[in-house]
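Take the sequence shown: its position 125, counting from 1, is numbered 125 in this note's numbering, and each next residue is one higher.
One structure below.
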Amino acid sequence: MFTGIIQEIGIVRFAQKKGDSLLIQIESPKSSKLLKVGGSININGACQSAIKISPVSSDSGSWFEVQATSETISRTNFKFLQAGDRVNLELPLSLNDPLGGHLVTGHIDDTGRITDIKPSGGSILMRIVFKPEYNCYLVEKGSVAIDGISLTVFDVETECFTISLIPETIERTNLKFRNIGDVVNLEFDQIGKYIEKFMKKDGKGITMDFLKRHGF
1 MFTGIIQEIG IVRFAQKKGD SLLIQIESPK SSKLLKVGGS ININGACQSA IKISPVSSDS
61 GSWFEVQATS ETISRTNFKF LQAGDRVNLE LPLSLNDPLG GHLVTGHIDD TGRITDIKPS
121 GGSILMRIVF KPEYNCYLVE KGSVAIDGIS LTVFDVETEC FTISLIPETI ERTNLKFRNI
181 GDVVNLEFDQ IGKYIEKFMK KDGKGITMDF LKRHGF
């Protein structure tokens, strides 16, 4: 489990096809020293297991490797990774850690595409389009994980939403390297998914009446 608070920006050393999977090595001075082989790490919001970690005495810097499955490749922007790309990294939540963002599982639902980036006062507004079937998981001022970053959405429409990025978020994440047309990983709020599953049992689904009756 993660919180969507990025701890480090890693640099992709290589992303190589290995059969149906993708072998990815990431330069990571901080996270690689805390990882163990078999341990989990969130990469652009996708939870992966480390299969190799650089030796402490390595002259080639600090790095780790993961092997993404075909399912992960199809659902995420890993398919576009190239050497030199910056990726967001977060280690799993410990029981005594503060929940600074929102609960993030590291299981990507789908990708979205950036359609607009513009300054607004001291922040940056970013518009993202996504598949309309996921619209039921978004509410105004609700949470979404974008490339693993816990963010608040507003101006939600059927196939798009807007996020506002403060300078601190831009500086600490790979969003400062993003451009219009780039693909980002999306994980929608788990609470919304459970509510929808519960409501589907009686065939009503999540309706505006349901949300109003429950204080939304």
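Just so it is clear, CB atoms sit at the ideal spot from N, CA and C, and this is done for glycine as well.
Remember, it's a predicted structure, so these values are computed and weren't measured experimentally.
Practice prompt. Go to K33, then tell me how far its alpha helix (DSSP H) extends in each direction, as first and last residue.
Written response: As a position in the sequence shown, residue 33 is number 33, starting the count at 1. Element bounds for K33: 31-34.
Discussion item. For T105 and I170, what's the separation of their Cα atoms in angstroms?
Written reply: Position 105 of the sequence shown, counted from the first residue, corresponds to residue 105. Position 170 of the sequence shown, counted from the first residue, corresponds to residue 170. Straight-line Cα distance between these residues: approximately 22 Å.
Worksheet item: According to the Cβ coordinates, are P98 and M1 closer than 8 Å?
Response: Start at 1 with the first residue of the sequence shown, and residue 98 comes out as number 98. Start at 1 with the first residue of the sequence shown, and residue 1 comes out as number 1. With respect to M1, P98 sits apart: the two C-beta atoms are not nearer than 8 Å.
Worksheet item: Quick one: is L95 buried, meaning 16 or more other Cβ sit within 10 Å of its Cβ, or exposed?
Response: Stepping through the sequence shown from its first residue, residue 95 is reached at position 95. The residue in question, L95, is exposed, as its Cβ has fewer than 16 Cβ neighbours within 10 Å.
Worksheet item: Mind pulling the alpha helix (DSSP H) runs of 4 or more residues that sit fully within the region 19-84?
Response: Listed in chain order, they are 31-34, 70-75.
Worksheet item: Based on Cα-Cα distance, which residue from G61, K176, L138 lies nearest to P29?
Response: As a position in the sequence shown, residue 29 is number 29, starting the count at 1. Ranked by Cα distance from P29, the options G61, K176, L138 are led by G61.
Worksheet item: Per DSSP, P167 forms a beta bridge with which residues?
Response: The residue given as residue 167 occupies position 167 in the sequence shown. DSSP lists no bridge partner for P167.
Worksheet item: Identify the residues that DSSP records as bridge partners of T162: which are they?
Response: Start at 1 with the first residue of the sequence shown, and residue 162 comes out as number 162. DSSP output for T162 lists R127, F154 as bridge partner(s).
Fill in: T72 and A50 closer than 8 Å at C-beta
As a position in the sequence shown, residue 72 is number 72, starting the count at 1. As a position in the sequence shown, residue 50 is number 50, starting the count at 1. Contact flag unset, no.
Worksheet item: From G100 to I6, what distance separates their C-alpha atoms?
Response: Indexing the sequence shown from 1 puts residue 100 at position 100. Indexing the sequence shown from 1 puts residue 6 at position 6. Going by the C-alpha atoms only, they are around 10 Å apart.
Item to complete: With distances taken Cα to Cα, identify the nearest neighbour of K17 among K79, K33, I128, L35.
Response: Numbered from 1 along the sequence shown, position 17 holds the residue referred to as residue 17. The shortest C-alpha separation from K17 is found at K79.
Practice prompt. Run the CB neighbour count on D209, radius 10 Å, all protein chains shown included, and call it buried at 16 or more, exposed below.
Written response: The count along the sequence shown starts at 1 and reaches residue 209 at position 209. Classification for D209: exposed.
Practice prompt. With a 10 Å radius around its C-beta and 16 neighbouring C-beta atoms as the bar for buried, classify Q48 as buried or exposed.
Written response: In the sequence shown, the residue the question calls residue 48 occupies position 48. Q48 comes out buried.
Worksheet item: Whose C-beta lies closer than 7 Å to the C-beta of V129 among residues of the same chain, with five residues either side of it excluded?
Response: For the purposes of this step, residue 129 is taken as the residue at position 129 of the sequence shown. Taken in chain order, the residues that qualify are G112, R113, T115, E159, C160.
Fill in: Three-state secondary structure (DSSP) of L186
Residue mapping note: residue 186 aligns to position 186 of the sequence shown, counting from 1. For L186, the three-state secondary structure derived from DSSP is strand.
Worksheet item: Where D20 and L165 are concerned, what is the direct C-alpha to C-alpha distance, given to the nearest angstrom?
Response: Walking along the sequence shown from the start, residue 20 turns up at place 20. Walking along the sequence shown from the start, residue 165 turns up at place 165. Roughly 36 Å between the two C-alpha positions.
Worksheet entry | Neighbour-count burial assignment, L35, 16 or more Cβ in a 10 Å radius | Within the sequence shown, numbered from 1, the residue matching residue 35 stands at position 35. With at least 16 other beta carbons inside 10 angstroms of its own, L35 counts as buried.
Worksheet item: From N174 to N44, what distance separates their C-alpha atoms?
Response: Here residue 174 corresponds to residue number 174 of the sequence shown, with the count starting at 1. Here residue 44 corresponds to residue number 44 of the sequence shown, with the count starting at 1. It is roughly 9 Å from the alpha-carbon of N174 to the alpha-carbon of N44.
Practice prompt. Report the three-state DSSP secondary structure of R86 (helix, strand or coil).
Written response: As a first step, residue 86 is located in the sequence shown; it is residue number 86 there, counting from the start. It is a strand residue.
Worksheet item: What are the boundary residues of the beta strand (DSSP E) that K118 is part of?
Response: To locate residue 118, count along the sequence shown from 1; it is residue 118. Unbroken beta strand (DSSP E) run through K118: 110-120.
Practice prompt. Sort out for me which residues DSSP pairs E140 with in a bridge.
Written response: The count along the sequence shown starts at 1 and reaches residue 140 at position 140. Looking at the DSSP assignment, E140 forms no beta bridge with any residue, so it has no partner.
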